[in-house]
Amino acid sequence: MDPLAALGRIVIFLLPTVPETIKITLVSFALALLLGLLVGVVRIAPRAPWTWIGRTYVDAIRGVPLLVWIFFIYFGLGRVLHLPQFVAGVLAIGICYSAYVGETIRAGIQAIPRGQWEAAASLGLSHRQAMQRIILPQAVRVVVPPVMNDFIACLKDSSLVSIIGLRELTRAGREYSSGTFVDFETWLVVGILYLAMTVALTRCSALLEARLRRPEAAA
Amino acid sequence: MIRVERASKRFGAHVAVDQVSFHVPPSTVTVLIGPSGSGKSTVLRLINGLERLDAGAIVLDGLPLDAAGRNLERVRAETGMVFQQFNLFPHLRVLENLTLAPRLVRGRPAAVVEAEARALLAKVGLADKAARFPAQLSGGEQQRVAIARALCMKPKVMLFDEPTSSLDPEMIQEVLEVMKALAAEGMTMVVATHEMGFAREVAHEVLFLDGGRLIEAGTPERIFGRPRESRTQAFLAKVL
Chain A
1 MDPLAALGRI VIFLLPTVPE TIKITLVSFA LALLLGLLVG VVRIAPRAPW TWIGRTYVDA
61 IRGVPLLVWI FFIYFGLGRV LHLPQFVAGV LAIGICYSAY VGETIRAGIQ AIPRGQWEAA
121 ASLGLSHRQA MQRIILPQAV RVVVPPVMND FIACLKDSSL VSIIGLRELT RAGREYSSGT
181 FVDFETWLVV GILYLAMTVA LTRCSALLEA RLRRPEAAA
Chain B
220 MIRVERASKR FGAHVAVDQV SFHVPPSTVT VLIGPSGSGK STVLRLINGL ERLDAGAIVL
280 DGLPLDAAGR NLERVRAETG MVFQQFNLFP HLRVLENLTL APRLVRGRPA AVVEAEARAL
340 LAKVGLADKA ARFPAQLSGG EQQRVAIARA LCMKPKVMLF DEPTSSLDPE MIQEVLEVMK
400 ALAAEGMTMV VATHEMGFAR EVAHEVLFLD GGRLIEAGTP ERIFGRPRES RTQAFLAKVL
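Top line first, the protein sequences correspond to chains A and B. To convert, note that position 90 of the first sequence is 90 in the numbering used here; the numbers rise steadily by one, no gaps. Positions in the second sequence are counted from 1; adding 219 to them yields the numbering used here.
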């Protein structure tokens, strides 16, 4: 068979599952961002129990492989809760990445000089007001590049949910290669499709970074 | 206006402020002088609650601030603080730097606050810089914005923590002029500074601190002309 036609066939088979990979990534990462912001803010809260809770959450989640989280939520909790594959997969990735994103956000918050907190406090702003109006808006700019890295990693790790039968790109690759035994070409195409997405995201990240470049630095 | 009674603060084993007492009457300027690490900054930071008292008491216009930190946000809203490093909010334009706290903390209407903020910027000679970002201003301009920002809260007291120490020499005067004008209007001020000329000219009372203790207090004429304590004499011999 013409090798180009073979590759074309693979692409036609795999391409329809790319949106599913993107969907899993987007929903998981939205959850990770939401929980991560909470984790980041709680980790630097002035009151002790919160910091402790935040640290325990981060340690517990980062200390367990994502694959184990997926098994735990789908097979373990699924016994009782009967979670659909998509929900279980997204929950596992979202929770797992919230710990990484949370640490990134915490680092971003802590990168803001102490003087900013003090100036806000000296004007009578509460901790919460200072966080919302002064610290987080500045931290966002610091945090965007590393969070985009987390996002790209999240996209690649979404392949792990293929193991519980979610029909995304990697799962489709397995189906095609096991049905046709064209392993080399199949996984080559799968790899190239992931690469195309991550390269596109890297470019987006660079653009976003340029846009967020501090207006105050433009003298 | 401000009464500081046997205020003490330690950081670990280091005693930063040791039983310091003084009184600042309304519409007077008190200048704190002393070597680096003498406790000048810490005294100011205790007055507006950026540091908690370990012992003693500070009463601001009848509002007591104690070790438990009661009245903290009220006291802070009543005291304007100007920092050595300006600490302007870099993501906000100059005008927004001024209007944020009066709107958020005092809940005052935006239009009124903005008009007041523009008037204050004009007063410190920066009417044309309202739309700039802090990083687009010189150090002296940034510090004048910081003064205007503190004034926009209509504080009863202004605290200055070495406001000219990180400025280039040619910018020191423009900031001191703003402070002198403020003093002439009757603002109650407490200033930690190394600018002895300013202390001599503007202060009603000069406090000399060393090692966290209040060594000597008096009028500028007395402190600079006839210092009683040997430590004061030694310090002044070095800086004058």
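Even glycine gets a Cβ: it sits at the ideal position worked out from N, Cα and C.
Problem set entry | Cut-off 6 Å between Cβ atoms - residues of its own chain near residue 170(A), not counting five sequence neighbours on either side | Cβ neighbours of residue 170(A) beyond the five flanking positions: 159, 162.
Exercise. By DSSP, does residue 304(B) sit in helix, in strand, or in coil?
Worked result: If DSSP states are grouped into helix, strand and coil, residue 304(B) belongs with coil.
Problem set entry | Option nearest residue 306(B) by Cα separation, candidates 98(A), 109(A), 120(A), 67(A) | Of the listed residues, the one whose Cα sits closest to residue 306(B) is 120(A).
For this session: Using a Cβ cut-off of 7 Å, pull out every chain B residue sitting near residue 134(A), in sequence order please.
Result: Listed along chain B are 308, each with a C-beta nearer than 7 Å to that of residue 134(A).
For this session: Following the continuous beta strand (DSSP E) through residue 408(B), name the residue where it begins and the one where it ends.
Result: From DSSP, the beta strand (DSSP E) with residue 408(B) extends over 407-411.
Problem set entry | Partners in chain A for residue 292(B), counting only beta-carbon separations shorter than 9 Å | Near residue 292(B) (Cβ distances below 9 Å), the residues of chain A are 121, 124, 125, 126.
Exercise. In whole angstroms, what is the alpha-carbon distance linking residue 21(A) and residue 68(A)?
Worked result: Rounded to the nearest angstrom, the two C-alpha atoms are 20 Å apart.
Problem set entry | Sequence ranges, alpha helix (DSSP H) only - wholly within the segment 272-349 of chain B, length at least 4 | You should have 291-297, 313-323, 329-342.
Exercise. Is residue 445(B) close to chain A, meaning its C-beta is less than 8 Å from at least one C-beta of that chain?
Worked result: Answer no: the Cβ-Cβ gap between residue 445(B) and chain A never drops below 8 Å.
For this session: Report the neighbours of residue 129(A) on chain B: residues whose CB is nearer than 7 Å to its CB, in chain order.
Result: Those are 323, listed as they occur along chain B.
Problem set entry | Contact belief for residue 363(B) with residue 393(B) at Cβ below 8 Å, rounded distance in angstroms | Confirmed, about 7 Å.
Exercise. Taking the C-alpha atoms as reference points, what is the distance between residue 299(B) and residue 341(B)?
Worked result: Per the coordinates, the alpha-carbon of residue 299(B) lies some 19 Å from the alpha-carbon of residue 341(B).
Problem set entry | Which of helix, strand or coil DSSP assigns to residue 105(A) | Residue state, collapsed to three classes: helix.
For this session: In angstroms with no decimal places, state the Cα-to-Cα distance between residue 109(A) and residue 66(A).
Result: Within the model, the alpha-carbon separation for residue 109(A) versus residue 66(A) is close to 26 Å.
Problem set entry | Same chain, Cβ closer than 6 Å to residue 368(B), neighbours up to 5 away in sequence not counted | Leaving aside the five residues that flank residue 368(B) on each side, the residues in its chain whose CB is nearer than 6 Å to its CB run, in chain order, 316, 317.
Problem set entry | Other residues of its chain near residue 143(A): CB distance less than 7 Å, five sequence neighbours each side excluded | Around residue 143(A), the same chain offers 104, 105, 108 as residues with beta carbons nearer than 7 Å, after the five sequence neighbours per side are excluded.
Exercise. Which ranges does the beta strand (DSSP E) cover as unbroken runs of at least 3 residues, wholly within the segment 50-101 of chain A, from first to last along the chain?
Worked result: List check, beta strand (DSSP E) in window: nothing returned.
Exercise. Hey, does residue 320(B) have any beta-carbon neighbour from chain A nearer than 8 Å?
Worked result: So, interface residue.
Exercise. How long is the line joining the alpha carbons of residue 447(B) and residue 331(B), rounded to whole angstroms?
Worked result: C-alpha separation (whole angstroms): 51 Å.
Exercise. Among residues of its own chain, excluding the 5 on either side of residue 150(A), which ones have a beta-carbon nearer than 7 Å to its beta-carbon?
Worked result: So the list reads 97, 100, 101, 104, once near-sequence residues are dropped.
Exercise. Mind checking residue 12(A): buried by the 16 CB within 10 Å criterion, or exposed?
Worked result: So residue 12(A) counts as exposed.
Problem set entry | Cβ-Cβ separation, residue 51(A) to residue 167(A) (assumed contact under 8 Å), whole Å | Contact between residue 167(A) and residue 51(A) does not hold, since their C-beta atoms are separated by about 41 Å, which reaches or exceeds 8 Å.
Exercise. Per the contact definition of three or more C-beta pairs closer than 8 Å, is the segment 399-409 of chain B in contact with the segment 194-210 of chain A?
Worked result: Fewer than three beta-carbon pairs drawn from the segment 194-210 of chain A and the segment 399-409 of chain B are found closer than 8 Å, and the two stretches are therefore not classed as touching.
For this session: Determine the extent of the alpha helix (DSSP H) in which residue 188(A) is found, giving its start and end residues.
Result: Looking at the DSSP string, the run of the alpha helix (DSSP H) that includes residue 188(A) is 183-212.
Problem set entry | 7 Å Cβ cut-off: residues of chain B touching residue 137(A) | Result: 310.
Exercise. What are the boundary residues of the alpha helix (DSSP H) that includes residue 266(B)?
Worked result: Start and end: 259-266.
Exercise. What does DSSP give as the partner residues of residue 356(B) in its beta bridges?
Worked result: Answer is none; residue 356(B) lacks a bridge partner.
Exercise. In terms of residues, what are the limits of the beta strand (DSSP E) holding residue 237(B)?
Worked result: Per DSSP, residue 237(B) belongs to the beta strand (DSSP E) from 233-243.
Exercise. For residue 195(A), does the count of other Cβ atoms within 10 angstroms reach 16, so buried, or fall short, so exposed?
Worked result: The C-beta of residue 195(A) has fewer than 16 other C-beta atoms within 10 Å across all chains shown, which makes the residue exposed.
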